[in-house]
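Numbering (UniProt numbering), first residue to last: 16 to 241. Below you'll find the structure, written out as structure tokens, and then a few comments.
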Ligand code: ADP
Ligand code: ADP
């Protein structure tokens with residue numbers, strides 16, 4: 016079953032930069048895809064286009080099994096994690112994770128159980144009442160992951176999420192992401208320039224070539240680790 020399909024997508028920015036050239040990608044339910052390639056090859060551009068944060072110059076994005084809203088995005092089906100966790104500093108960890116549910120008109124009382132489950136699944140149940148400034152970088156990233164997962168998305172998009180963290184923290188977070196993937200059966204697209212990370216994490220590696228705009232290569236398929 017297809018979650019999302021990019022068909023022949025190209026992107027030329029207004030300054031003339033060709034960032035993607037004819038990229039096609041079928042994402043099947045349950046896959047953990049790494050988009051791997053050096054800086055500047057168009058990984059973020061591809062992810063942002065899938066996320067609806069930028070229109071393709073040509074080509075199409077299809078969501079075969081989702082209901083589509085007026086922005087062409089599947090309603091509530093996509094979660095995002097970026098390198099910058101962008102938490103609200105004035106709000107507690109609990110309230111930060113509550114935000115996507117609040118935006119959907121869900122009351123705090125009825126969201127509490129879901130929020131606590133999601134915090135527990137990233138090891139932060141004891142930090143619900145803490146503020147972002149009281150947490151380490153790795154913990155803040157875990158809050159961001161819990162916030163992305165709290166709406167039970169079908170697709171989780173991650174853009175070099177751990178690139179700013181130290182190696183040990185990063186490895187722990189990679190294990191968290193793997194556990195979430197296995198537990199929740201969420202489909203993941205993970206942008207990275209780390210060959211190691213892509214091999215460690217993913218069930219499929221999509222390699223993008225060094226020069227921006229070059230046709231990418233969907234080169235390797237591995238089995239999901241058990
Ligand atoms: P990656 O994520 O692989 O590092 P990006 O998708 O960020 O690559 O960028 C691909 C190319 O598009 C690069 O040459 C980059 O400089 C260019 N680019 C990215 N965003 C913009 C933008 N908003 N305007 C102009 N050029 C951009
Ligand atoms: P609650 O649902 O408990 O009223 P909110 O989720 O609305 O809390 O916000 C959490 C905390 O952040 C509250 O203390 C609230 O006053 C504060 N807060 C919410 N939005 C803003 C804002 N835009 N600027 C400053 N403080 C805010």
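Beta carbons: idealized from backbone N, C-alpha and C, even for Gly. Note that the structure is a prediction, hence the values are computed from the model and not measured.
Item                                                                                                                                                                                         : Value
According to the Cβ coordinates, are residue 47 and residue 217 closer than 8 Å?                                                                                                             : yes
Does ligand 1 have even one heavy atom less than 7 Å from the beta-carbon of residue 49?                                                                                                     : no
Starting from residue 118, follow the alpha helix (DSSP H) in both directions and report where the run begins and ends.                                                                      : Where residue 118 is concerned, there is no enclosing alpha helix (DSSP H), given that its DSSP letter is neither H nor E.
Mark residue 66 as exposed unless 16 or more other C-beta atoms lie within 10 angstroms of its C-beta, in which case mark it buried.                                                         : buried
Please look up how many angstroms separate the CB atoms of residue 208 and residue 53, rounded, as I've assumed it's under 8 Å.                                                              : 6 Å
Within the stretch 53 to 120, note down every full beta strand (DSSP E) run reaching 3 residues or more, in order along the chain.                                                           : 73 to 77 and 93 to 97
Counting pairs of Cβ atoms below 8 Å between the stretch 184 to 191 and the stretch 151 to 165, do you hit three or more?                                                                    : yes
To the nearest angstrom, how far is it from the Cα of residue 219 to the Cα of residue 17?                                                                                                   : 15 Å
Evaluate residue 9 with the Cβ neighbour count: other Cβ atoms within 10 Å of its Cβ, from every protein chain shown; 16 or more gives buried, anything less gives exposed.                  : Given that the chain is displayed from residue 16 to residue 241, the structure contains no residue 9 and the question cannot be resolved.
With hydrogens ignored, establish whether the beta-carbon of residue 36 is closer than 7 Å to any heavy atom of ligand 1.                                                                    : no
Quick one: grab the DSSP three-state call for residue 200.                                                                                                                                   : coil
Residue 181 by DSSP, collapsed to three states: which one?                                                                                                                                   : coil
Could you check what DSSP says for residue 48 in three-state terms: helix, strand or coil?                                                                                                   : strand
Taking residue 216 as part of the beta strand (DSSP E), name the residues at either end of that continuous run.                                                                              : First-last for residue 216: 210 to 216, but that is the alpha helix (DSSP H), not the beta strand (DSSP E).
Which word fits residue 240, buried or exposed, when buried means at least 16 other C-beta atoms lie within 10 angstroms of its C-beta?                                                      : In this prediction, residue 240 has a pLDDT of 49, which is less than 50 and means its spatial position is unreliable; what the coordinates show is noted afterwards. Per the 10 Å Cβ criterion, exposed.
In the DSSP assignment, the beta strand (DSSP E) including residue 37 goes from what residue to what residue?                                                                                : 33 to 43
At which residues does the alpha helix (DSSP H) containing residue 167 begin and terminate?                                                                                                  : Unbroken run through residue 167: none, as it is neither H nor E.
Would residue 143 pass as a contact of residue 109 if the rule is Cβ separation under 8 Å?                                                                                                   : yes
Please work out which residues of its chain come closer than 7 Å, Cβ to Cβ, to residue 145, disregarding the five sequence neighbours upstream and downstream, and give them in chain order. : 107 and 108
Looking at the strands, I want to know which residues DSSP matches up with residue 25.                                                                                                       : 73
Here's the rule I'm using: 16 or more other beta-carbon atoms within 10 Å means buried, otherwise exposed. How should residue 57 be labelled?                                                : buried
Going by the beta-carbon positions, is the gap between residue 19 and residue 195 smaller than 8 Å?                                                                                          : no
In the DSSP output, what is residue 207 paired with across the bridge?                                                                                                                       : 51
Pull up the CB-CB distance for residue 64 and residue 93, whole angstroms please, since I reckon it's below 8 Å.                                                                             : Actually they do not touch by this definition, with Cβ atoms about 12 Å apart.
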